[in-house]
Amino acid sequence: MEPTQPTGKLLLGFRQIAQEKLQHVFYSIPSEKDLIIEPALIKPLEHVCGASWLRKKGIDKIFKFDPKNPPPKRKQFLYFITTSLLTFKSVLDQISGYQSQTSSLMEPDIRTKQYHVLVFPFVLASFEQLLEEEGLHGIVELYNFQWDFLLLDDSILSLELPNVFADVFVRHDTTLLASIAQSVRIFNLVMGQPHLIFSLGENSEKVLQMVQRIETNKRAGSMVFKPGEQPPPQPQREPAFATMLIVDRDRDYPACLLTSVVYSGLLVEIQKLNSGFLVVDGESNKIKTGKLAVLREDGGTLAAKESSQTGSGSGPEVSSLRMSGAQDAIYLEHKYRHFSEVISMLSAQAKTLGLEGKAYTREMKLNEMKDYVTNKLPKVAAAKKELFKHLRLCETIVEEIGGNFEKHQMIEESILTNTNRKQIMNYIMELLSSDAHRYNTLRLMCLYHVTIGLVPEDMTKLMTGYLNAFGYGNLTVFHNLYQAKLFPDTTNLSKTKILSQISIPTLKTPFQLEANKLKQLPTDATTAESTASSNAAQRETILIGAGEGTTAHTGKTCPSYVFNGNYIPLITQLASMIFGASSFDNLNTRLGHLERLKVSGRALNSVVEPRPIKELAASSHKTTLNQLLPFREKTMFVFVVGGITYAEIAACHLLERTIGAKIVLSSDRIIAGHDLVESVVH
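40 is the number of the first residue of the sequence shown in the numbering used here; add one for each residue after it.
Spelled out as structure tokens, the structure:
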């Protein structure tokens, strides 16, 4: 379903809000200034404004921040960095160097400060303390800045907040949730608060509680009432979205750990993504850099080269692919397609462009030649350049993933359906001994644990195999994974504890029982007989390495196609059940068993805290809620705390087209399973 015009305009409004915030900071610093920006923030900032806009607002020159190579001091400096104490220390070291070069020892007036630091998303309390320790308090001015939602593609928003998963789910530091809450509040102001807001997970609930507290404090601060006087009711317009769904990443790990088969998902599996810009590098990719040096064809020189470039902040510029349908017509056409379809269609496009390039003939008249050279030839050349990027990326996918993909998909299906445990263990141990990958091998172990559950004997085998491959310096990795609920507890495994942890093999694991209630497993044993033939047909035309003339399956009637028919992402299934509910009683029948799924929103303004569906179904609010369902307008805003994947986005895209809904998806970042595990390891 195409985005409605009003909603599309409102989504673009977030860019204008971010520009207003940035402009306010620039105008508070008098006269011209040079901008020194942390490299990680360059691409996100491009979604907010361009270089010409910055120059109009008083920015003279723009430098990339490099701790080792400070730019020449000309005018006032405005540093733009992330909330990292190490980065801030590097900035202060540079400023101290500039200060030591000046002869004046007089403390400058506050209005003529030469150094300003803009911190995304907020200034830490430790920054002020470090300023005092470095003797720069009163010389450096600090500012907060948050751009809220960046529109990366049609119906895809991102906060581009760094390290949310590692901070919130591994270190259990919920500081960044305050930034998410501020952005959700801005969303409610722009779009209107939805009638019903569903939250699933502890952190999602905290975000909504923070939003409510911010709203309460803002109202209390802006109005003064006489004793006993009540605040007047706030006028509320009809919201752009009927419902909102906020979910914690740890509520659906499989959707992140499984290997996607859609084109956009596989692109992020092999190359780094930064704010919708995908790196197109023929020499380096995620698969190569994660492997042991002895298993790489380059003998480890690639990792050394990459680390030296990262350390110096320089290196050759690589091209990038904008993962936006508005910017790339080829990507728009293929982004949610099964990869096997993409290969054959790109080949056909290449042949068509080749024929167009040869359209020039000697028989052309002079005016025809002029028209061809002026108008058609540049377009063909530009189209060929973009097509070459996609063909190059497809080639990398086939080379790096294709050889083992069919077997890997079968193992993932076995893990989901709790079958062939011995075969699963043998496969992982074989990977560790012959094709070990620092992150993707761990990813498979984590998938095994969250779906089936690792017994101590298997856990010890896998840990030993991984540490033998990558070194015992990685022992803390497993504790970090345990903190994120991705691995069993590895501490204090006494004989008594080992015996208590031994699980008797069962036909259904807790994960399967829960997933079957939500009908997320099309290939599970309960439905295996009816789907066995269709799965077999899918494997015959398995996506990777499908040759020319191979007809890929096109029956994309189920969102599980994003995982080759094995699994439906949780957010997609929840959205489907919420939209499909004929009444709140019916919704209670479908989702009442999810105790952590809580409801709040405009329709429940009198309710202080989000409450479970089952509890609301037995309360006095049931009549009001029954009147809301089914939703007249099937519009939903989905936010995943901890990162969202392109597989989930593609599955929701199919759902909205199938039922005629409008679903806008958002998160702090767009990630792949590789990125999730990497953030835990580091």
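Ideal placement from N, C-alpha and C gives every residue a C-beta, glycine not left out.
Compare the C-alpha of Glu308 against each of Glu438, Gln551 and Leu613 and name the closest.
Here residue 308 refers to the residue found at position 269 of the sequence shown. Per the Cα distances, Glu438.
Reduced DSSP category for Glu180 - H, G, I as helix; E, B as strand; rest coil:
One-based indexing of the sequence shown puts residue 180 at position 141. Three-state result, Glu180: strand.
Going by beta-carbon coordinates alone, are Glu451 and Thr298 separated by less than 8 Å?
Taking the first residue of the sequence shown as 1, we reach residue 451 at position 412. Taking the first residue of the sequence shown as 1, we reach residue 298 at position 259. A contact, by the Cβ cut-off of 8 Å.
In its own chain, which residues sit with a C-beta less than 6 Å from the C-beta of Thr530, not counting the 5 before and 5 after it?
Locating residue 530 in the sequence shown gives position 491, where the first residue counts as 1. No residues qualify anywhere along the chain.
Counting only the same chain and skipping the five closest in sequence on each side, list residues whose C-beta sits under 7 Å from that of Lys100.
Working through the sequence shown from its first residue, we reach residue 100 at position 61. Taken in chain order, the residues that qualify are Asp73.
Cβ-Cβ distance between Ile75 and Phe104 below 8 Å:
For the purposes of this step, residue 75 is taken as the residue at position 36 of the sequence shown. For the purposes of this step, residue 104 is taken as the residue at position 65 of the sequence shown. Contact flag set, yes.
What does Gln462 pair with, by DSSP beta-bridge criteria?
Within the sequence shown, numbered from 1, the residue matching residue 462 stands at position 423. BP columns for Gln462 are empty, so no partner.
List the endpoints of the continuous alpha helix (DSSP H) containing Asp497.
Start at 1 with the first residue of the sequence shown, and residue 497 comes out as number 458. Residues Pro495 to Phe509.
Can you tell me where the beta strand (DSSP E) with Val703 in it begins and where it stops?
As a first step, residue 703 must be located in the sequence shown, where it is residue number 664. Here the beta strand (DSSP E) through Val703 covers Lys701 to Ser706.
8 Å contact criterion, which Glu241 and Asp287 should meet: CB distance rounded
The count along the sequence shown starts at 1 and reaches residue 241 at position 202. The count along the sequence shown starts at 1 and reaches residue 287 at position 248. Beta-carbon to beta-carbon, Glu241 and Asp287 are separated by about 7 Å, close enough to satisfy the 8 Å threshold.
Under DSSP, the beta strand (DSSP E) around Val319 begins and ends at which residues?
Mapped onto the sequence shown, residue 319 falls at position 280. Looking at the DSSP string, the run of the beta strand (DSSP E) that includes Val319 is Phe316 to Val319.
To test your reading of the DSSP string, which unbroken alpha helix (DSSP H) runs of 4 or more residues are found completely within the stretch 425–458?
444–456
Might you give, ordered along the chain, the residues of its own chain that have their beta carbon closer than 8 Å to the beta carbon of Leu49, omitting 5 neighbours on each side?
Position 10 of the sequence shown, counted from the first residue, corresponds to residue 49. The answer, listed in chain order, is Val229, Met230 and Ala279.
Does DSSP put Gln577 in a helix, a strand or coil?
Mapped onto the sequence shown, residue 577 falls at position 538. In this prediction, Gln577 scores a pLDDT of 44, lower than 50, which makes its location untrustworthy; no coordinate-derived value is stated.
Spatial neighbours of Arg376 in its chain, beta-carbon cut-off 6 Å, leaving aside the 5 residues before and after:
In the sequence shown, counting from the first residue as 1, residue 376 sits at position 337. Taken in chain order, the residues that qualify are Tyr302.
Are three or more beta carbon pairs between the stretch 667–679 and the stretch 617–630 nearer than 8 Å?
yes
Boundaries of the alpha helix (DSSP H) in which Met484 is found, first to last residue:
Start at 1 with the first residue of the sequence shown, and residue 484 comes out as number 445. Here the alpha helix (DSSP H) through Met484 covers Asn479 to Thr490.
Tell me where the beta strand (DSSP E) around Asp639 begins and ends.
Translated into the one-based positions of the sequence shown, residue 639 becomes position 600. The question names Asp, but residue 639 is Ser in the sequence shown. Looking at the DSSP string, the run of the beta strand (DSSP E) that includes Ser639 is Leu636 to Ser639.
Since Lys423 contacts Leu455 with CB under 8 Å, what's their CB separation in whole angstroms?
Here residue 423 refers to the residue found at position 384 of the sequence shown. Here residue 455 refers to the residue found at position 416 of the sequence shown. No, Lys423 and Leu455 are not in contact; Cβ-Cβ is about 41 Å, not under 8 Å.
Are Asp192 and Ser363 touching if we call contact CB-CB under 8 Å?
Here the question's residue 192 lines up with position 153 in the sequence shown. Here the question's residue 363 lines up with position 324 in the sequence shown. The answer is yes: Cβ separation under 8 Å.
Excluding the 5 residues preceding and the 5 following Gly97 in the sequence, name in chain order all residues of the same chain whose CB lies nearer than 7 Å to its CB.
The count along the sequence shown starts at 1 and reaches residue 97 at position 58. Excluding residues within five positions, the ones whose Cβ falls inside 7 Å are Phe65, Glu71 and Lys72.
Tell me whether Met283 sits in a helix, a strand or coil according to DSSP, three-state version.
Start at 1 with the first residue of the sequence shown, and residue 283 comes out as number 244. Residue state, collapsed to three classes: strand.
Use the C-beta contact count for Ala420: other C-beta atoms within 10 angstroms, 16 or more gives buried, fewer gives exposed.
As a first step, residue 420 is located in the sequence shown; it is residue number 381 there, counting from the start. Per the 10 Å Cβ criterion, exposed.
Residue ranges of each beta strand (DSSP E) within the stretch 197–274, 3 or longer:
235–239
Lys524 versus Gly442: straight-line alpha-carbon distance, rounded
Against the sequence shown, residue 524 aligns to sequence position 485. Against the sequence shown, residue 442 aligns to sequence position 403. Computed Cα separation, rounded: 31 Å.
Phe159 to Leu216, Cα distance in whole Å?
Numbered from its first residue, the sequence shown carries residue 159 at position 120. Numbered from its first residue, the sequence shown carries residue 216 at position 177. In a straight line, the C-alpha of Phe159 is about 14 Å away from that of Leu216.
Checking the sheet assignment: what are the DSSP bridge partners for Pro649?
As a position in the sequence shown, residue 649 is number 610, starting the count at 1. Paired residues: none, contrary to the question.
Any contact of the stretch 698–709 with the stretch 475–487, i.e. 3+ C-beta pairs under 8 Å?
no
Name the residue from Gln462, Gly681 and Ser139 whose alpha carbon lies nearest to the alpha carbon of Val209.
Reading the sequence shown from its first residue, position 170 is the one you call residue 209. Per the Cα distances, Gly681.
Near Glu434, which residues of its chain fall below 7 Å by C-beta distance, leaving aside the five closest residues on each side in sequence?
On the sequence shown, residue 434 is found 395 positions in, with the first residue counted as 1. Apart from the 5 residues on each side of it in sequence, Glu434 has no Cβ closer than 7 Å to any other Cβ in its chain.
Where Leu189 and Pro495 are concerned, what is the direct C-alpha to C-alpha distance, given to the nearest angstrom?
What you label residue 189 is simply residue 150 of the sequence shown in a count that begins at 1. What you label residue 495 is simply residue 456 of the sequence shown in a count that begins at 1. Their backbone Cα atoms lie some 44 Å apart in a straight line.
If you reduce the DSSP assignment to three classes, tell me which class Gln115 lands in.
As a position in the sequence shown, residue 115 is number 76, starting the count at 1. Gln115: strand per DSSP, three-state reduction.
Grab the span of the beta strand (DSSP E) containing Leu131 for me, first residue to last.
Along the sequence shown, read from residue 1 onward, the residue named residue 131 stands at position 92. Where Leu131 is concerned, there is no enclosing beta strand (DSSP E), although the alpha helix (DSSP H) it sits in stretches over Leu124 to Gln140.
So Met468 and Gly504 are in contact, right, with Cβ under 8 Å, and what is the actual spacing, rounded?
By 1-based counting over the sequence shown, the position of residue 468 is 429. By 1-based counting over the sequence shown, the position of residue 504 is 465. About 6 Å separates the two Cβ atoms, so the contact holds.
If you follow the alpha helix (DSSP H) that Val720 is in, where does it begin and where does it stop?
Mapped onto the sequence shown, residue 720 falls at position 681. That run of the alpha helix (DSSP H) goes Gly712 to Val720.
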